[in-house]
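Q: For our numbering, add 85 to where a residue sits in the sequence shown, where the first one is 1.
The beta-carbon is built from N, C-alpha and C at its ideal position, and this holds for glycine as well.
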Amino acid sequence: MERFTLYRNFYEQTEIKDATAALDSLNHQNTRYNRWLYNKNNSLKRIKENPFGFVSYLLGKIPFFLFFFAPFFAVFFSLIYFRKGHTYMEHLVFIFHIFGFVFLGMLICLLPDLLLGDDIFTGILLLFIGPFYFYKALRNFYQQNRIITILKFLLLNIIFNIGIFIVAILFFGITAATY
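(1) How would you write the range of the alpha helix (DSSP H) that Asp198 sits in, first residue to last?
(2) Let me know the secondary structure DSSP gives Asn115 once reduced to three states.
(3) Check whether the region 115-122 touches the region 95-107, taking contact to mean three or more Cβ pairs, one atom from each stretch, closer than 8 Å.
(4) Tell me, to the nearest whole angstrom, how far the beta carbon of Gly215 is from that of Val187; I am working on the premise that it is less than 8 Å.
(5) Am I right that Gly190 and Leu210 are in contact with their C-beta atoms under 8 Å? What's the rounded C-beta distance?
(6) Three Cβ pairs or more, each shorter than 8 Å: is that satisfied between the region 221-238 and the region 132-150?
(7) For Phe238 and Glu100, what's the separation of their Cα atoms in angstroms?
(8) Can you grab the Cα-Cα spacing for the pair Arg224 / Asp203, in whole Å?
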């Protein structure tokens, strides 16, 4: 982090875009890592000049993010529902089913939201319809009583929110590093 701050300050003072020339001026080794780290200044400049471009780039990567997050989430399903006799793959298919519902619902909500100029339909989907559907899907697929399903629903939501927060930070960092 210290080196990146040094490169950032040098970049802002001199506006030297070529990493090799900048590293030579700083008397730093011309390694692949140092060039990559110095070139991140160009990425930061692009983000500052066009933040919506970065947000668009980030949003385009969300399906990949969820696709790679689902197997980790399936591990928790396997641990919580280990007595039900479902395989890991069945839990994974169930998770993709839930994610598919959310994506399809968001796609359907896109047109009315664009016409109204507000995200009210997507908000209703994510706050009310999505959790209700997730609860009903858990109850139907795993065939447990209401109390057990509600407790597991709450536990899975806590695990999902903590996991998605941690993985989202990693995802955001990796996306920013590759932008």
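A: Taking the coordinates as given:
(1) 173-201
(2) coil
(3) yes
(4) 6 Å
(5) 5 Å
(6) no
(7) 53 Å
(8) 33 Å
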